[in-house]
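Note that my numbering has the sequence shown beginning at -16, numbered continuously upward.
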Amino acid sequence: MTDAHATPGGDGRHSAPLPPAGCAPSPTAAPSATSTTSPLAVSASAVTVQSATSPPMSAVAAVRAGLRADCGRCAGLCCVAPGFAASADFPISKPPGVPCRNLTAAFTCGVHGELRERGFHGCVAFDCLGAGQRITEHTFAGVDWRTRPDTATRMFDAFAVMRALHETLHHLAEALTRLAEPDTAERRTVPATGTARGAGPVLAEVRAVWALTLTLTDADADTLLAADLPALHRDANGALTAASALLRAGTRPPALAGDLVGARLAGADLRGADLTGRLLLGADLRGADLRRADLRGADLRGADLRGATLTDALFLTPSQLHAARGDAATAAPAAVPLPTHWLATPAAANPATGRRTRPAKPRPGAADGGGRTVARERGRGGRSRGR
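Written out as structure tokens, the structure is:
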């Protein structure tokens, strides 16, 4: 399958607009125009008005909250727009622009609960990050390709562009959030040019790309389709690479040369590793420590993440986790919950000790793997602990 766009800083493998995501189908029969109440729409207006200098973190958080697929508000775009070939990811072939045979009249997937069993692994892995409902409700104001066939081609092409923009926003929002943390402000990094750069200049670079990307998500279809995505991706790549270097400062990443497909990295210390765009298909990462590793655009299809620690990993997406294997002991960032079927998977044995790894406890106040919020409770000695 050919990618329609590329991930900023990666090789685009997880940006390919595969069919439907792991988002639950809604009984809603048809999408409606509700863009004025969309967290993304409201935040886009609020942030871009203030230029690229200082987006409030509350607005950044609201945008991040809006980068979640809601199939009940979409015209089934991921089930129609992309094409795919029969493979390990799909049991059937489908040309671009042709509805999947499993798409229902209500724009839902008729076999959503059986996707893995039926071999639609690409569908399970895909996440549009809210691009589907954004195109349906905002860009096309509730008009869909069934009732208005004349809009179909433009709608499908715009969906691919919006998906790219939303993934860029996903990474930029993380960069803005983490660069604003107190412990990052004092870090400095020396890029290839030899020029020292602190958090301030890097933040300014990220903010500029952020403002431009938000402006495009608010644009009409003609503007979206005319956007210079390669140029935007180059800018985003530069900003995110600088942010990554700053956020990984202080670690001693391992040198990982050559092909990592099927690599035996169980129990490996991969803290701070630069894995952007790397092929990790089928890699054994059981029990590996991936804290502060940059996973932007890394291909994790079939990678074994059981018991791995990714709590502080950089630029991880839901699609990457859904494409990999994991269990309840896999520790992921709070902003990227574990796939629900992982929570029912028994913990794998730790490669180093042979013992089963205990599931990692989420931080108090953070979302756990099921999307719930972990409450705070007082333990002995008056200290707060997660429950």
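Note that beta-carbon positions come from the ideal geometry of N, C-alpha and C, so glycine has one too.
Roughly how many angstroms lie between the CA atoms of V94 and C61, to the nearest whole one? 15 Å
What runs of the alpha helix (DSSP H), each 4 residues or longer, lie entirely inside the stretch 110 to 162? 135 to 162
Taking A266 and G245 to be in contact with their CB atoms under 8 Å, please state how far apart those CB atoms are, rounded to whole angstroms. 6 Å
Which of the three DSSP states is assigned to D252 in this structure? strand
For D205, count neighbouring Cβ atoms within 10 angstroms of its own Cβ and tell me buried if that reaches 16, exposed if not. exposed
Taking DSSP as the reference, what is the three-state secondary structure of D201? In the structure shown, D201 sits in coil (DSSP, three-state: anything other than H, G, I, E or B).
When the Cα atoms are used, what is the spatial distance from C111 to T234? 32 Å
DSSP three-state call for G105: helix, strand or coil? helix
Candidates I118, G96, A71, A209, of which the one nearest M138 by Cα: I118
Could you tell me how far apart the beta carbons of G105 and D133 are, in whole angstroms, since I believe they sit closer than 8 Å? The pair is not a contact, with the Cβ atoms about 29 Å apart (cut-off 8 Å).
Label G183 either buried or exposed according to how many other C-beta atoms from any shown protein chain fall within 10 Å of its C-beta, with 16 as the threshold for buried. exposed
Output yes or no for whether 8 Å exceeds the beta carbon distance between L162 and A226. yes
Are three or more beta carbon pairs between the stretch 143 to 153 and the stretch 82 to 94 nearer than 8 Å? no
Opening and closing residue of the alpha helix (DSSP H) in which S302 lies: 301 to 306
With a cut-off of 8 Å on the beta carbons, I'd call L208 and A141 a contact; round off their distance for me. 6 Å
Cα separation between A58 and A89? 8 Å
Using only the alpha-carbon positions, how far apart do A281 and F123 sit? 32 Å
Hey, could you find the ends of the alpha helix (DSSP H) G49 is sitting in? 40 to 49
Neighbour-count burial assignment, H121, 16 or more Cβ in a 10 Å radius: It is buried - the Cβ of H121 has at least 16 other Cβ atoms within 10 Å.
Per-residue burial, E157 [other beta carbons within 10 Å of its own, 16 or more giving buried]: buried
As a quick exercise: from A312, R254, N220, pick the residue whose alpha carbon is nearest that of H324. Residue nearest to H324 within the set A312, R254, N220 is A312 (criterion: CA-CA distance).
How long is the line joining the alpha carbons of L262 and L243, rounded to whole angstroms? The alpha-carbon atoms of L262 and L243 are separated by roughly 6 Å.
With DSSP collapsed to three states, give me the class of R190. Note: R190 maps to helix in three-state DSSP.
Helix, strand or coil for A209? Go by DSSP, reduced to three states. helix
Alpha-carbon to alpha-carbon, G80 and R51: 23 Å
Can you tell which of S41, D203, D218, L230 has its C-alpha closest to the C-alpha of L195? D218
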